[in-house]
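To keep things clear, I will list the structure first and then write my remarks on it.
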Amino acid sequence: MSRDNEAFMPADMIRRVLDSATPDVVLVGGQALAYWMAVFGIHQPDGVEPAISRDVDFFAIDAANVAPLTRFARAIGGRRHLERIESLSALIGSAIAPADDDRIYNVDLIQQVVGIDRAEVEKHAVEVRLPGENGTLRVLHPVHVLQSRNANLHKLPEKQDAIGSLQYRLAIDVARAYLERRIDAIQVRPDLDADARERAVFDAIRRVVAYASEDAAKKNAERYGIHLADAIPAWRIESSAFWEKQWPHLRKRMSEGYAHECERRHRSAR
Numbered sequence: 000m001s002r003d004n005e006a007f008m009p010a011d012m013i014r015r016v017l018d019s020a021t022p023d024v025v026l027v028g029g030q031a032l033a034y035w036m037a038v039f040g041i042h043q044p045d046g047v048e049p050a051i052s053r054d055v056d057f058f059a060i061d062a063a064n065v066a067p068l069t070r071f072a073r074a075i076g077g078r079r080h081l082e083r084i085e086s087l088s089a090l091i092g093s094a095i096a097p098a099d100d101d102r103i104y105n106v107d108l109i110q111q112v113v114g115i116d117r118a119e120v121e122k123h124a125v126e127v128r129l130p131g132e133n134g135t136l137r138v139l140h141p142v143h144v145l146q147s148r149n150a151n152l153h154k155l156p157e158k159q160d161a162i163g164s165l166q167y168r169l170a171i172d173v174a175r176a177y178l179e180r181r182i183d184a185i186q187v188r189p190d191l192d193a194d195a196r197e198r199a200v201f202d203a204i205r206r207v208v209a210y211a212s213e214d215a216a217k218k219n220a221e222r223y224g225i226h227l228a229d230a231i232p233a234w235r236i237e238s239s240a241f242w243e244k245q246w247p248h249l250r251k252r253m254s255e256g257y258a259h260e261c262e263r264r265h266r267s268a269r
């Protein structure tokens, strides 16, 4: 939840914050996007301002648990601040520390991720191992990162800018890379026959197909020319029934250039 006076947090400070996170929180927001970009080798375009938010956001599994804020405050050498209950905000509280030029370093603890049900955030969060450490961290699922960037751009005026659009585009790239890796794993499973592999691939893309059909994705495509369905690596689907029956409908949710690319790659793979 960005503020105008936030400073970009140094990498070593971000690392201390991540090290201090426990299983009762999930890394969300721009830093979750940054994590998956690093995993899948996704880079933002040159010559634009940084797409990743200046703060660090965590989702609280238990909205009444404010203990993580004490750990985050210690990690950044600051103090914790709790929101008033009557504010009815998604923000539970923040860990805040002074930075240069009257700015602040900030770690937010939130109880809601825009566009995603609370139970879904916890259910699908991915536990990852921090590089060079024995500790682990729970990170928002890459498909949920996509949906959260989609919902932010659609619903939140403060996110409806060049950075919000760029984050959405990068989240599409991340989700596509994730789906390709998942499909790769499905294709080499010796315990699945051809029909079972086909069903598993459809199951892998199911949530993204559903998100692409929702109002937020449609409106963002109209307003910004960014198509959530471009996250679907359709050329990896071998089923002739899909290409005959489902593809004509799915391609309408994609950008024209991406739909043509899917068709070209499908033809070349046959």
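Numbering (numbering that gives the first Met the number 0), first residue to last: 0 to 269.
Yeah, the Cβ is synthetic: ideal placement off N, Cα and C, and Gly gets one too.
The structure presented is a predicted model; accordingly, all values stated were derived computationally and were not measured.
- Sixteen is the threshold: when 16 or more other Cβ atoms of the shown chains lie within 10 Å of the Cβ of S147, as they do, the residue is buried.
- A98 and N4 have their alpha carbons spaced roughly 10 Å apart.
- The continuous alpha helix (DSSP H) containing P141 extends over residues P141 to K154.
- For the options V187, D214, R180 and R222, the alpha carbon positioned closest to that of A203 is the one of R180.
- Taken through DSSP and simplified to helix, strand or coil, E213 comes out as coil.
- The stretch 228–243 and the stretch 157–176 touch, with three or more beta-carbon pairs separated by less than 8 Å.
- Under the DSSP definition of a beta bridge, L26 partners with F57 and V138.
- Looking at the DSSP output, R128 bridges to T135.
- Annotated three-state conformation of P44 is coil, per DSSP.
- Judged by DSSP secondary structure, A184 falls within the alpha helix (DSSP H) whose first and last residues are A161 to Q186.
- For the set R198, F7, S88 and G163, the Cα lying nearest the Cα of I75 is the one of F7.
- Taken through DSSP and simplified to helix, strand or coil, I75 comes out as helix.
- Cβ atoms of R196 and Q186 come within 8 Å of each other, at about 6 Å.
- A direct Cα-Cα distance of roughly 12 Å separates D107 from Q30.
- Taking a cut-off of 8 Å on C-beta distances, the stretch 18–36 touches the stretch 110–123, as three or more cross pairs fall below it.
- In terms of Cα proximity to V120, the closest of H143, I91 and Q159 is H143.
- Under the three-state reduction of DSSP output, D202 falls in the helix class.
- CA-to-CA, the gap between A220 and R73 works out to about 42 Å.
- According to the DSSP assignment, S267 belongs to no beta strand (DSSP E) but to the alpha helix (DSSP H) extending over E255 to A268.
- DSSP, read as helix, strand or coil, puts D194 in helix.
- Per DSSP, the continuous beta strand (DSSP E) segment holding P97 begins and ends at L90 to P97.
- As computed with DSSP, D18 is found in no beta bridge at all.
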